[in-house]
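Data block below; observations after.
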Amino acid sequence: MTDELQGLLQSHPLIKAKTNVVAGSAEAITAARSGYLPTVKLTGDTGPEYVDSPSRRYTEGESFFKGRETVGLVVTQRLFDGFSTDSSVEAAKLTESYYQSDLRDTRQTTMLQGIRAYLNVLRFNRLIRLAHENERKVQDQMNLEDERVIKGSGIASDVLAAKQRLQMAKEARVDFEGQFSVWTATYQQLFGHSPEVGAMADPPLPSSLLPPDLDSAVQQAESNNPTVEMSRKGVEIAEQRRIWAEAGYYPNIDLIGRANYENDKNATPGVRRDWSVLLTATWELFSGFKTQASVAQASFQQAAARDSRSYAGRAASEQARTAWYTLKSARERTILLENAAVMAEEVWSNTRKRQEGGNATVQDVLDEEMRINDAKIKHANAYYDMVLAGYTLLSAMGELEMDNISQMATPKGAGQQFTTPAALIAAPR
Numbered sequence: 000m001t002d003e004l005q006g007l008l009q010s011h012p013l014i015k016a017k018t019n020v021v022a023g024s025a026e027a028i029t030a031a032r033s034g035y036l037p038t039v040k041l042t043g044d045t046g047p048e049y050v051d052s053p054s055r056r057y058t059e060g061e062s063f064f065k066g067r068e069t070v071g072l073v074v075t076q077r078l079f080d081g082f083s084t085d086s087s088v089e090a091a092k093l094t095e096s097y098y099q100s101d102l103r104d105t106r107q108t109t110m111l112q113g114i115r116a117y118l119n120v121l122r123f124n125r126l127i128r129l130a131h132e133n134e135r136k137v138q139d140q141m142n143l144e145d146e147r148v149i150k151g152s153g154i155a156s157d158v159l160a161a162k163q164r165l166q167m168a169k170e171a172r173v174d175f176e177g178q179f180s181v182w183t184a185t186y187q188q189l190f191g192h193s194p195e196v197g198a199m200a201d202p203p204l205p206s207s208l209l210p211p212d213l214d215s216a217v218q219q220a221e222s223n224n225p226t227v228e229m230s231r232k233g234v235e236i237a238e239q240r241r242i243w244a245e246a247g248y249y250p251n252i253d254l255i256g257r258a259n260y261e262n263d264k265n266a267t268p269g270v271r272r273d274w275s276v277l278l279t280a281t282w283e284l285f286s287g288f289k290t291q292a293s294v295a296q297a298s299f300q301q302a303a304a305r306d307s308r309s310y311a312g313r314a315a316s317e318q319a320r321t322a323w324y325t326l327k328s329a330r331e332r333t334i335l336l337e338n339a340a341v342m343a344e345e346v347w348s349n350t351r352k353r354q355e356g357g358n359a360t361v362q363d364v365l366d367e368e369m370r371i372n373d374a375k376i377k378h379a380n381a382y383y384d385m386v387l388a389g390y391t392l393l394s395a396m397g398e399l400e401m402d403n404i405s406q407m408a409t410p411k412g413a414g415q416q417f418t419t420p421a422a423l424i425a426a427p428r
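If you're matching positions, the sequence shown starts at 0 in numbering that gives the first Met the number 0 and goes up one per residue.
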């Protein structure tokens with residue numbers, strides 16, 4: 000499963016898209032920092048110019064018509080803008096961090112989807128095998144009932160009951176096959192190829208990554224869940240946007256340097272050169288209440304972001320608690336159903352010995368074999384539910400990372416060891 004998940008993270012289109020979004024947000028920081036640097040503008044023009052004005056006619060007695068050339072250079076360094084550039088840079092940094100958390104959330108969500116698809120493909124593959132075996136045993140039982148009726152030692156109602164059980168066994172197999180096809184399609188969408196069931200193995204419960212108690216799980220979820228991180232960044236971004244809006248209350252102060260070259264411009268013959276370095280201030284005293292409205296809007300957005308952060312924390316806590324209790328229940332069910340499967344094997348063994356001694360029939364033996372299969376089907380469902388709940392809890396805690404899964408190892412003697420469905424199916428009778 001680890002290799003499949005590694006390929007999933009490298010090839011899934013949604014993860015690639017979010018990676019490009021993060022790269023784009025990094026460029027936005029560079030764009031915001033441009034406000035700290037001067038702007039340089041070069042202007043120029045050339046071409047014929049015609050001027051016919053009263054002053055020209057009075058002094059020269061004729062209009063002016065001649066080619067003109069001008070070149071101008073303006074260098075502007077903003078010295079103060081009401082902290083607008085500072086807030087823009089901080090907002091860009093926070094936005095990049097927000098998208099990084101979004102990428103992390105997408106990676107973990109996609110990994111959990113991949114794990115769910117992997118487990119369900121395995122689940123229904125195991126269940127199909129057990130259903131085929133169950134169907135075969137019911138068919139054998141029905142054949143025995145037919146033989147008993149033919150010999151006069153059986154009754155027709157037993158044959159009908161056996162046929163009814165056969166139909167139910169077939170219905171279960173068809174349902175499992177349908178679910179297998181559905182999860183195979185999901186698997187192919189996620190991983191980009193069909194599952195190679197023969198190469199897949201039952202993954203263990205990630206015991207070494209799970210917290211020791213519920214409080215630890217909730218605390219980790221409330222501090223490390225990617226959606227909680229995104230909501231915290233959202234509050235900080237809203238704060239910077241409010242500061243940016245408040246910049247409208249302050250003046251803009253610039254240092255502007257200009258240099259011009261003019262030849263035969265505006266009916267003035269000859270060359271004119273000039274330059275200046277000026278400290279300028281621009282203060283918008285009234286903007287039609289635009290600044291006040293922008294600040295109020297940003298304040299409301301900041302309040303909304305705080306509420307969203309509170310909700311995200313509650314949602315993460317709920318997700319962790321739900322996953323914890325689901326895991327706890329699935330663990331207990333897996334242990335109980337594993338014991339039930341073992342006991343069913345023992346009952347079958349005793350019934351077989353009784354049959355060899357003449358105290359039980361072949362039908363009794365087949366009944367016990369069917370109970371074994373039923374117990375194994377329930378155990379397989381409980382086991383895969385348990386493993387999925389374990390990874391769901393890791394996702395709620397924000398710990399469903401590839402590094403953690405790759406390094407996952409349960410120390411010997413630590414934690415409850417569970418028999419996998421594959422091992423239980425293959426166990427000798």
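We treat Cβ as the ideally placed atom computed from N, Cα and C, and that holds for glycine.
Check: Determine the direct distance from the alpha carbon of Q76 to that of I255, and round the result to whole angstroms.; Outcome: 6 Å
Check: With DSSP as the reference, label L41 as helix, strand or coil.; Outcome: strand
Check: How do the region 230-250 and the region 81-91 stand: do at least 3 beta-carbon pairs fall below 8 Å, yes or no?; Outcome: yes
Check: Between L399 and the rest of its own chain, which residues show a CB-CB distance below 7 Å, the 5 nearest in sequence each way excluded?; Outcome: Q107, M110, L111, Y390 and L393
Check: Classify D373 as helix, strand or coil using the three-state DSSP reduction.; Outcome: helix
Check: Roughly how many angstroms lie between the CA atoms of S62 and S286, to the nearest whole one?; Outcome: 44 Å
Check: Could you tell me the distance, in whole angstroms, from the CA atom of L129 to the CA atom of N372?; Outcome: 6 Å
Check: Once the 5 residues before and after V386 are set aside, which same chain residues still bring their CB inside 7 Å of it?; Outcome: L118, P202 and L204
Check: Using only the alpha-carbon positions, how far apart do R370 and E337 sit?; Outcome: 13 Å
Check: Report yes or no: do the region 290-298 and the region 205-217 share at least 3 C-beta pairs separated by less than 8 Å?; Outcome: no
Check: With 16 other CB atoms within 10 Å as the buried threshold, where does P410 fall?; Outcome: Because P410 sits at a pLDDT of 43, beneath the cut-off of 50, its placement in the model cannot be relied upon, and the point is left open.
Check: Give me the DSSP bridge partner(s) of I14.; Outcome: The partner list for I14 (beta bridge, DSSP) is empty, contrary to what the question assumes.
Check: Which one or two residues does DSSP pair with G71 in a beta bridge?; Outcome: T42 and N259
Check: I'd like to know whether the C-beta atoms of L93 and I236 end up nearer to each other than 8 Å.; Outcome: yes
Check: Is W274 helix, strand or coil by DSSP?; Outcome: strand
Check: Under the DSSP definition of a beta bridge, which residues are partnered with N251?; Outcome: T281
Check: Does DSSP classify G66 as helix, strand or coil?; Outcome: strand
Check: Can the beta-carbon of F190 be found closer than 8 Å to that of E3?; Outcome: yes
Check: Give the DSSP-derived three-state secondary structure of L118 in the structure shown.; Outcome: helix
Check: How many angstroms separate the CA atom of K232 from the CA atom of R32?; Outcome: 20 Å
Check: Between which residues of its own chain and N124 is the CB-CB distance below 7 Å, once the five residues before and five after are set aside?; Outcome: F179 and V196
Check: In this structure, does DSSP put L393 in helix, strand or coil?; Outcome: helix
Check: Which of helix, strand or coil does DSSP assign to F433?; Outcome: Beyond the ends of the chain as shown, which are 0 and 428, falls residue 433; an answer cannot be given.
Check: Ends of the alpha helix (DSSP H) at S215?; Outcome: L213 to N223
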